[in-house]
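Asks: First, the structure itself, so that you have it in front of you.
Protein chains: 4
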Amino acid sequence: MDKLQEWMTAIRRDLHRHAEAGWFEFRTSSVVAEHLEKLGYEVLVGTQIIDKDAVMGRDGKAVPEQKQRAVRQGAQKGWIERMGDYTGVLGILDSGKPGPVVTLRFDIDAVEMNEAEDENHRPFREGFSSLNAGAMHSCGHDGHTAMGLGLARILAKNRAGMSGRVNLVFQPAEEGARGAKAIVEKGFLDDTDYFVGLHLGLGNPTGMVVAGASGFLCTTKFDVRFRGRSSHAGVAPHEGRNALLAAANATLNLHAIAPHGKGASRVNVGVLEAGEGRNVIPPAAFMKAETRGETEGIDAYMFDRASIIVSASAAMYEVDFDVSMQGKGIAAESDGEMIDLVLQAASGVEACTETRRHGKLGGSEDVTWMMKRVQEKGGKATYILLGSDIAAGHHNEYFDFDESSLSTGVGVLANLIQKLLAPGL
Amino acid sequence: MDKLQEWMTAIRRDLHRHAEAGWFEFRTSSVVAEHLEKLGYEVLVGTQIIDKDAVMGRDGKAVPEQKQRAVRQGAQKGWIERMGDYTGVLGILDSGKPGPVVTLRFDIDAVEMNEAEDENHRPFREGFSSLNAGAMHSCGHDGHTAMGLGLARILAKNRAGMSGRVNLVFQPAEEGARGAKAIVEKGFLDDTDYFVGLHLGLGNPTGMVVAGASGFLCTTKFDVRFRGRSSHAGVAPHEGRNALLAAANATLNLHAIAPHGKGASRVNVGVLEAGEGRNVIPPAAFMKAETRGETEGIDAYMFDRASIIVSASAAMYEVDFDVSMQGKGIAAESDGEMIDLVLQAASGVEACTETRRHGKLGGSEDVTWMMKRVQEKGGKATYILLGSDIAAGHHNEYFDFDESSLSTGVGVLANLIQKLLAPGL
Amino acid sequence: MDKLQEWMTAIRRDLHRHAEAGWFEFRTSSVVAEHLEKLGYEVLVGTQIIDKDAVMGRDGKAVPEQKQRAVRQGAQKGWIERMGDYTGVLGILDSGKPGPVVTLRFDIDAVEMNEAEDENHRPFREGFSSLNAGAMHSCGHDGHTAMGLGLARILAKNRAGMSGRVNLVFQPAEEGARGAKAIVEKGFLDDTDYFVGLHLGLGNPTGMVVAGASGFLCTTKFDVRFRGRSSHAGVAPHEGRNALLAAANATLNLHAIAPHGKGASRVNVGVLEAGEGRNVIPPAAFMKAETRGETEGIDAYMFDRASIIVSASAAMYEVDFDVSMQGKGIAAESDGEMIDLVLQAASGVEACTETRRHGKLGGSEDVTWMMKRVQEKGGKATYILLGSDIAAGHHNEYFDFDESSLSTGVGVLANLIQKLLAPGL
Amino acid sequence: MDKLQEWMTAIRRDLHRHAEAGWFEFRTSSVVAEHLEKLGYEVLVGTQIIDKDAVMGRDGKAVPEQKQRAVRQGAQKGWIERMGDYTGVLGILDSGKPGPVVTLRFDIDAVEMNEAEDENHRPFREGFSSLNAGAMHSCGHDGHTAMGLGLARILAKNRAGMSGRVNLVFQPAEEGARGAKAIVEKGFLDDTDYFVGLHLGLGNPTGMVVAGASGFLCTTKFDVRFRGRSSHAGVAPHEGRNALLAAANATLNLHAIAPHGKGASRVNVGVLEAGEGRNVIPPAAFMKAETRGETEGIDAYMFDRASIIVSASAAMYEVDFDVSMQGKGIAAESDGEMIDLVLQAASGVEACTETRRHGKLGGSEDVTWMMKRVQEKGGKATYILLGSDIAAGHHNEYFDFDESSLSTGVGVLANLIQKLLAPGL
């Protein structure tokens, strides 16, 4: 294993161990910022790169406690202060020479779930499973972040032979499609000529590089609160207004929404918390939910149906309710020109044993906000699927990936940037 | 307002403000024990009166934190230490003269729910609403405890004119039918000749005293855990095993159990917590539930049906599950002889403006374990319903009661004991 | 077995074999009318005794076919014609002497269900199980009718020694609480001084006579139609409006209505028919349902909740719906004076081995409309529970009863009338 | 409008008016056979072309009544007798000269649903809407059959200039994927060199011809019967075993099966019939259901989940159940060579204004059994999507299509056969 691979693996495992959910990536941002600064990048963090009005699905009340936790786990106070109450890092490497602007995006947040505590799970067995309850890198963003820093090192070394400018965006809160838009709205993508995002795993084996992705599912993330009335479950059950039954019934019927005949559709109630005491008719319930669709129309169909079901379930149990929007993901397409360039870049990487032009994502990714903005402004964009054998499906508590893919990914990206920013091109 | 009423009101409000859920009544027990000791009672606490093997529905892991909280809120460390990890107090007043043993039971725990934070709610408006999230005296046990201490004062003063012995049992964890049996099994009820329990409110207006109760609902309290498998809700929903859907479906169908033709039956899922992240198929769910029935047979029918429904819901969603028993309440009947005595005692209390021989409880009460044991050993028992106007139903977040009823209750009990323990009887 | 018993048994079995559901009792009415006329009664039938505006839950469209069927099965055309399109018989025996008016009511309809075809079921084994699909005498009204005719025979014989008048009401459509009110509204109960209804079985063993009943459940019967939109279940499921899902969801949630803390409550969806083809999103659904409650308030609570649930389920699936009322039963109490008389009458019947003053019905009975009208007009009423061992519960496909109880019942009624109408009383 | 168009339109409307559900197409088969015989075809019907062991989803008990109905509606007794109890027609036109075998398949059955009775619906307004309750040509098979006969006429006229042989298969029971396999298993497809099936409408506008289809959904059709126990809904609800609740709960949860991440999946409960009387706990329920999947694996996933849900719902309500298979559809792909030929054939038809190589069906079609058999035996197959504007979606009660497309379809098919069977090819 070469040194860069070793270095990235160590970073990945450190981040994995200190997994942080969306908008709480204070330690992760601190680690990234510190490395980038040492490598000579101009570094912007938190409120400097986030448009607060465009932020979605952030639990502001938990931020002070999360900042404290981050510091306890090694975040540097200086960076935390510079961040304000927002996470995320932008590293800028300007060659000083005229040339195109290339932006790469790496997402840094963990999934809100618990990690397996089981000897069969390598991160647990080898001591780098998540210390933070309710946060696990089960989607590989720890690997993405490590690749971003690995690439930063290579670029810093090659700076002299480069024209134009490179932006490395370390984006918070990709899970839930919450963070990308807030960076887009700040305008940082507006002068980008070439944009690349990537994701490891997703069923593609180690060695495979898929140069462009389609099939991003549009998605809408929302919370629902039901509020009823408590009563004694033995003496006066009829006096209650049962918020749990409203929520349970909504859950079942949400999952029974008729699929759309024109393309894939999804719905999930990911979290339900309801009730207070065993012998009390539950007066309150809280749900985190999402819909998805292969097109914006299909997602709109799903969300419309979902809204009707929530409203009718509340009416059925005579409880109040409100729905609050928490995130929104859109669709995007990769540009053929960029796909060609990625394929060329990949051909120069030995570990890349197989390439494909196109792959279908089948999930949602808020990178689409960035791709769309770049394309609207006249730039080109693609989204690379980087093969990496996985131990279990994404968002499964046993998820783990083949760390050797980190080098492969960095190799492809470095080649691509060289092609794009070689002076005289 | 006379001094005793004032004193009891102050105690009641202090306890209301520091509401403690079942098995966590460390501060309450400390307050009670301290008062009893000052009044000259022999005082036993916690492990001295609790048979640990008979304890139900206790969250042992939370005890250390709860003890710390209690101390922060004014519990005396000495009493906490004497309690061990268990709550509850027994105060014994022995006249030194031969005579019968009279036992009175006061339950001391709060309901697991949040209190209304609303100016229309007197405890909030007047500053004595619960400081402890998830615990509210919405069943009036704060009043019961205050009456127990008020009675203790009167008895201590009248000790000289008394024969026999009085036991004042301040029982933990009545909610959920968890605590009484643990005291019964320790044997403290075995030599009791006369036993009295009581409850305020329950639809009876201030001034009313109902001398005996029937219609206790038998009850079974149980927790259910479902364990499935997480997966990515967009990419691979079919790979998940959805524990939330299993729980939601179980909840709905539990509430749809056919009522029993022979008498009242109840079921409640009071709490449901499920899932981890919005975009993750929920791998786990946890439910607190209970069944009730007018007879043991009806409760058994309800619990059997509930077990089948839980098991079938788990099978339906291919998830694992387990059911753990958390409490059990039985039925009991009041003795006619005791009812007569209570009616006589009530007739001597001016504030008691109306009496009835019999009332139907319609709820569950684990005092039945004590009544049954006393009756099995040849003693007599009754359960008094003490009228008290209430602001909202029991277990409602706006519950409050008419504190003037405390004096009425203490008056009836003091008269009753005088009748039972007058020397020469 | 004496001759009257033999005669009633034969009638009962003939009626059992030709079971007719409510408002379709054309053959039964013909049989009853024919016997009464032969015995010298004044006989009124169908439209002569039914107030059409007060009729509930009658399927008028099926009447012509049912009349044809009845004739095929032996109904006399002359009686059918006199009935018009309505069933039911009133037999009047006037002594010609002044005296009180006594009215007895016998219900004649079968339950809408199929009878067991099983050698273990006596009616099947012995060849008198129902020939009519969807109609079975599983509630014992065949026995009631046979008793009414048996009593008619005795009274006709004893006519000379009688003063006053006897009305024998053979009421259609008791099941579903549909028929009694239509007779009441025609005014036939208005001059009644003493009223008696009865029911056999209901858990009371052969030999038992319970002289008065309470605990009639109030009830509301209603049909629901959901109308959605069909679409291709494979190509365009999202274009459908699924009436079956609306109905299934309503059904589940109807059964989950919280029981009322103040007394027994019931709900049943007895019939659901939905959909057209396997691969078509179901555009229509039809439900027959009912609620019950120990008081009118409780039944109103149940029906209000049911209405909300039906409406919300329709909204949830974006389908239209309508609710149509099909029947209504109320509560009533037996008069103490009548209970005393029944107990005296029973004491003179050898086969009556045990009596009780009061019993709880636990079901609904539209006889309550008659009892209430009689009581409002100053008369006295009671409802007798006549013991009869049963082979399986009422409305079970294996229901059968001990025919020897027919003589017991007739004996009690005959004694009672003798007491009431003995000249000179 | 030319004469052939007029003739086909008349046939289509006659068939539409006498719509017959799968396995009951006795009149339709008689009409087809009669025409073919007159045109000089060798005609085989019913049992001559159906392998009874491979028949799925046929209600044999209803056949005698359906045959009578067909005769009443004009079917010729001679043909009905030749059919035996099975429907379907094979017309063979043998040129007598050596050459390839071309088989074309037209499905003839209606959908099990009711047709709109509304002046806005042309078939109703113009008097050719279905006379048969529960059967409607809402999928266009009446058009397919008319095209088959139209083509038969053209071929009969051109017979002299033809080599080889043409088989025209008029297949029963396509809806529910029930009939094709029974013809395949009889061996009639085994010597086919070129096979063509087609479907009109499906979202393709009049004038469009799509030369090959993919995306056939695999499908499994099944019935479920639940059997519980009746009881009195008021007196003894707890004694029942509620088959309707089992079915309602199964229905809801079937529709909530998680979609498959790898491709489209479907489930439908198309029919539910349950219960007997309003006040009886429903002892029985019957469901017609189906699953679909983009691959056999996905359909297997759906059916496995469905089986588990049905079984668990039965267990939950303690009722018995059985699942019986009623139909099975598989996937197939069109051959490129055939697609090329269809495109050429279409280019010679003026009314064909637009062509596409490929279309996605998105539904199921049991023609796949035929395509697969032909391909396995070395032949080539395709499935044509024939554009036709529709008034409402397939299987909607307002479905109707643009009859001018019949000529377009026949034109393409005639050209194709000419290409395939021109002597000397």
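Residue numbers (our numbering), protein chains in the order written: chain A, 803 to 1227; chain B, 803 to 1227; chain C, 803 to 1227; chain D, 803 to 1227. From the three backbone atoms N, C-alpha and C, an ideal C-beta is built for every residue, glycine too. Predicted model only: the values in this text are computed from it and were never measured.
(1) Threshold first: 4 residues or longer. Then list the alpha helix (DSSP H) segments lying entirely within the segment 891-972 of chain D, N to C.
(2) Can you check DSSP and say which residues form a bridge with valine 1012 (chain B)?
(3) Quick one: Cα of glutamine 878 (chain B) to Cα of serine 832 (chain B), how far?
(4) Do three or more CB pairs link the segment 1185-1204 of chain A to the segment 1013-1022 of chain B at distances below 8 Å?
(5) For glycine 1030 (chain A), name the three-state secondary structure that DSSP assigns.
(6) Can you tell me which of the three DSSP states serine 1109 (chain C) falls into?
(7) Taking contact to mean 3 or more Cβ pairs, one atom from each stretch, closer than 8 Å, check whether the segment 921-940 of chain B and the segment 1025-1032 of chain B are in contact.
(8) Taking Cβ-Cβ distances shorter than 7 Å, what residues in chain C pair up with histidine 1057 (chain B)?
(9) Exposed or buried, serine 1166 (chain A), counting other C-beta atoms within 10 Å across all chains shown (16 or more means buried)?
(10) Grouping DSSP H, G and I as helix and E and B as strand, with all else coil, what is tyrosine 1119 (chain D)?
(11) Would glutamine 870 (chain A) be called buried (16 or more neighbouring beta carbons within 10 Å of its own) or exposed?
(12) Quick check: is the beta carbon of glutamate 1075 (chain C) nearer than 9 Å to any beta carbon in chain A?
(13) With a threshold of 16 other CB atoms inside 10 Å of the CB of glutamate 1078 (chain B), please say whether the residue is buried or exposed.
(14) Are there 16 or more other CB atoms within 10 angstroms of the CB of leucine 1227 (chain A), so buried, or fewer, so exposed?
(15) In chain C, which residues lie less than 7 Å from glutamate 1199 (chain D) when you measure between Cβ atoms?
(16) Hey, quick one: how far does the beta strand (DSSP E) through lysine 1064 (chain A) stretch, first residue to last?
(17) What would DSSP say about asparagine 1006 (chain B), mapped onto helix, strand or coil?
(18) State the DSSP-derived secondary structure class of leucine 1227 (chain C), mapped to helix, strand or coil.
(19) Does chain D have any CB closer than 9 Å to the CB of serine 1166 (chain A)?
(20) Measure from the alpha carbon of glutamate 1075 (chain B) to the alpha carbon of each residue in A:Ala1087, A:Arg967, A:Val1082 and A:Met964, then state which is nearest.
(21) In or out: aspartate 992 (chain C) buried (at least 16 other Cβ within 10 Å) or exposed?
(22) Measuring CB atoms only, is the segment 854-864 of chain D touching the segment 976-986 of chain D, in the sense that at least three cross pairs come out at less than 8 Å?
(23) Output, in sequence order along the chain, the residues in the segment 1039-1051 of chain B whose CB is closer than 9 Å to any CB in chain D.
(24) Output, in sequence order along the chain, the residues in the segment 809-824 of chain D whose CB is closer than 9 Å to any CB in chain C.
(25) State yes or no: is the C-beta of isoleucine 1100 (chain C) within less than 9 Å of the C-beta of serine 1067 (chain C)?
(26) Using Cβ-Cβ distances below 8 Å, what residues of the segment 988-1018 of chain A are close to chain D?
(27) Of all the CB atoms in chain D, is at least one closer than 9 Å to the CB of glycine 1189 (chain C)?
(28) Apart from the five residues just before and just after histidine 818 (chain C), which ones in its own chain have a Cβ nearer than 8 Å to its Cβ?
(29) Is it the case that the Cβ atoms of isoleucine 778 (chain A) and asparagine 1055 (chain A) are separated by a distance below 9 Å?
(30) Considering only C-alpha positions, which residue in the set D:Asp911, D:Met915 and D:Val1012 is nearest to glycine 1161 (chain D)?
(31) Histidine 1001 (chain D) to histidine 946 (chain D), Cα distance in whole Å?
(32) Could you list which residues in chain C have their beta carbon closer than 7 Å to that of arginine 1158 (chain B), in chain order?
(33) Tell me where the alpha helix (DSSP H) around glycine 1195 (chain B) begins and ends.
(34) Between threonine 1097 (chain A) and chain B, is any beta-carbon pair separated by less than 9 Å?
(35) Is there contact between the segment 1194-1203 of chain A and the segment 1036-1043 of chain B, where contact requires at least three CB pairs shorter than 8 Å?
Replies: In short, the structure shows the following:
(1) 924-927 and 943-960
(2) B:Arg1158 and B:Leu1187
(3) 6 Å
(4) no
(5) coil
(6) helix
(7) no
(8) Ala1058
(9) buried
(10) coil
(11) exposed
(12) no
(13) buried
(14) Caution is warranted here: a pLDDT of 48 is assigned to leucine 1227 (chain A), below 50, making its placement in the model unreliable, and the coordinate value is therefore given only provisionally. Exposed: under 16 other Cβ atoms inside 10 Å.
(15) Ser1032 and Pro1085
(16) Run containing lysine 1064 (chain A): none; DSSP gives neither H nor E here.
(17) coil
(18) Confidence at leucine 1227 (chain C) is low in this model, with a pLDDT of 48, below 50, so the placement of that residue is unreliable and no value is reported for it.
(19) no
(20) A:Ala1087
(21) exposed
(22) yes
(23) Pro1039, His1040, Glu1041, Gly1042, Asn1044, Leu1047 and Asn1051
(24) Ala823
(25) yes
(26) none
(27) no
(28) Pro925, Phe930, Ser931, Ser932, His939 and Asp944
(29) Only positions 803 to 1227 of chain A appear in the structure, and residue 778 (chain A) is not among them; the question remains open.
(30) D:Val1012
(31) 7 Å
(32) Per Cβ cutoff of 7 Å: no residues; arginine 1158 (chain B) is ~17 Å from chain C at best.
(33) Premise fails: glycine 1195 (chain B) is in no alpha helix (DSSP H) and is neither H nor E.
(34) no
(35) yes
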